[in-house]
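Undergrad: Here the sequence shown is numbered in full-length UniProt numbering, starting from 1 and rising by one per residue.
Cβ atoms here follow ideal geometry from the backbone N, Cα and C, with glycine treated the same way.
This is the structure I have questions about; it appears just below.
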Amino acid sequence: MTAEDILARIGDGARFAALAGDGDLTEGLTLHVLLARPGGVDVADLALPPGCDRYPALTPGIPAAFWYERKLHDLYGVLPLGHPRLDPLVLPHAEDNEPLPSPGAAFHPAHVEPDERALPSHVAGTGLFSFPHGPVRSGVFESVEYVVETPGEDIPHVNVRPHFKHRGLEVRFEGMSPEHAVLLAERVEGIASVAHALAFCHAVEELAGAQPPLAAQLVRVLHAELERIANHLDVAMKLADAAGLAVAVARFGWHKERVLRLVSALCGSRFGRGVAIPGGIRALPLLGRDALRSTADKLRRDVEADAAALMQTASFLDRLRGTGPLDEAFALEHGLLGPVGRASGTEDDARWQRPYDAYPKLTRRRAPEHRDGDVMARLRVRWDEVAESFDLLGQIADLLSDDDVLSVPVEPVAGQAVGWAEAPQGEVLYFLDVGAGGLVRRCAPRSASFHNLAVFSRAFRGDVLTDFPFIEASFGLSIAGVVM
């Protein structure tokens, strides 16, 4: 398939979802283009012959491919001809002849030197200067460097340098059994552990032709929705912190803690780890249905009361309204995911457009559409999703049974598959290639944070330095999921 064929597929209604490499330049590199559509995700391959180190860039026709092609350039050294800017993204600058990681190849270097070079710049003009915000910041923020270019107050551009969190996880998957690899998938992005485990399991189950029992599907959705509530409460807490609302910070921090304690009471892990396995789940919840329902109902009442109070605080709303806007046309062009995309009018939600596990058996809450695309709209989307998640928890409590069939045998055949799940940040994808021995040959996770962070700089048009914490918090990002 050629780049023109992929553009034609997107013109027919498919959405560019991801781009992953496989192999190396010497033996021949294959580029896997993932295209999302209602009901599934297709894979289109661009195969480069051995020794070929370049191809026509996709970015000019598919703006969403911008960061993906930068990542491929970092990991494989392949050159997308016509790409607007190939700054290092997931790795620091590579010296000439320095071996590259090349996930999916037989050889992987063991060491990468840190980048100590001058800060890159994007804009120029009288009085403009750049300063680094990060990678080490106050509080418990993840390691990421924002190179802010400014004349003093406005922010014409922010260059994101997330490579400090790169852990080489794509290579670490190689050679693992699916039973062991799901444990690594849970640790790709800690705040979306359940979603990553589910996406990986779905890919394995697709290869094996296996369908988990209903009880397992319900428990999976239970933990996925609790994970969603905890993450959205964390975003509300960070926005309140940016506005200096100490009481709101304490309240939403406590509500998030209550959710994490509930998750721990259900499965023994505050992150929901160890629940999902290929073929089903490891065990039924440790709490009974009545205890789950009463705890969730009490939590819902408290969260909704505090959310209502927060959304009536004028000084808070003034900082959100009109801040960091992304319009609908831009969101559609870049395929923005999760609450960031839905706040700008996109409708994609993997739970309902590409349903999995027990979601087809549950009733969806139809939330009002949001198209303003600003920080306010992103928060409103999250409140809508919190309400929907609580609705789903109630339905799950009604449907849960003490069924002792929790999983089915899974023996994946050699081949390729894509698994997906809707994390709190948006769609998580796993491209999986299993070899003849049943071991992982290539695994390429893609988080929603990677896809959305590419447009982070665009959200600052017309905003100033004091808006930075609001815009960053509203994206609900996980830097660990960006570069992994």
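So what's residue 360 in DSSP terms, helix, strand or just coil?
TA: helix
Undergrad: Determine the DSSP secondary structure at residue 30, reduced to helix, strand or coil.
TA: strand
Undergrad: In whole angstroms, what is the alpha-carbon distance linking residue 491 and residue 461?
TA: Because the chain is modelled from 1 through 484, residue 491 falls outside the range shown and cannot be assessed.
Undergrad: Residues bridged to residue 440 by DSSP?
TA: DSSP, once it has assigned bridges, lists 434 as partnering residue 440.
Undergrad: I think residue 163 touches residue 483, with their Cβ atoms under 8 Å apart; what is that distance to the nearest whole Å?
TA: 6 Å
Undergrad: Quick one: using the 10 Å Cβ neighbour count with 16 as the cut-off for buried, is residue 346 buried or exposed?
TA: buried
Undergrad: In terms of residues, what are the limits of the beta strand (DSSP E) holding residue 39?
TA: Note, residue 39: premise wrong, no beta strand (DSSP E); not H, not E.
Undergrad: Taking three-plus beta-carbon pairs below 8 Å as touching, is the stretch 318–331 in contact with the stretch 461–476?
TA: yes
Undergrad: Go through its chain and collect everything with a Cβ distance to residue 268's Cβ below 6 Å, but skip five positions before and after it.
TA: none
Undergrad: Buried or exposed: which applies to residue 137, given that a residue is buried once 16 or more other Cβ atoms fall within 10 Å of its Cβ?
TA: exposed
Undergrad: Assuming residue 425 and residue 192 make a contact with CB atoms under 8 Å, what is their CB distance in whole Å?
TA: Between residue 192 and residue 425 the Cβ distance is about 6 Å, and since that is below 8 Å, they are a contact.
Undergrad: Where does residue 424 fall in DSSP's three states?
TA: Coil at residue 424, not helix or strand.
Undergrad: Kindly confirm or deny that the stretch 300–316 and the stretch 325–344 touch, where touching means at least three C-beta pairs closer than 8 Å.
TA: no
Undergrad: Would you kindly check if the distance between the Cβ of residue 272 and the Cβ of residue 282 is under 7 Å?
TA: no
Undergrad: Are residue 276 and residue 198 touching if we call contact CB-CB under 7 Å?
TA: yes
Undergrad: Closer than 6 Å by C-beta to residue 366: which residues in its own chain qualify, once you throw out the five before and the five after it? Chain order, please.
TA: none
Undergrad: So, is residue 305 buried or exposed, given that buried needs 16 or more other C-beta atoms within 10 angstroms?
TA: exposed
Undergrad: So what does DSSP say about residue 193, is it helix, strand or coil?
TA: helix
Undergrad: Which residues does DSSP pair with residue 55 in a beta bridge?
TA: 80
Undergrad: CB residue 147 to CB residue 457, shorter than 7 Å?
TA: no
Undergrad: Which whole-angstrom value describes the C-beta separation of residue 46 and residue 31, a residue pair presumed to lie in contact below a C-beta threshold of 8 Å?
TA: Separation of the CB atoms of residue 46 and residue 31 is rounded to 4 Å, and the pair is thereby assigned contact status at 8 Å.
Undergrad: Taking only three categories from DSSP, how would you classify residue 15?
TA: strand
Undergrad: Please report how far the alpha carbon of residue 279 lies from the alpha carbon of residue 194, in whole angstroms.
TA: 15 Å
Undergrad: Please state the DSSP three-state secondary structure of residue 454.
TA: coil
Undergrad: What does residue 281 pair with, by DSSP beta-bridge criteria?
TA: 276
Undergrad: Helix, strand or coil for residue 131? Go by DSSP, reduced to three states.
TA: strand
Undergrad: If you follow the alpha helix (DSSP H) that residue 150 is part of, which residue opens it and which one closes it?
TA: Not the alpha helix (DSSP H): residue 150 falls in the beta strand (DSSP E), residues 145–150.
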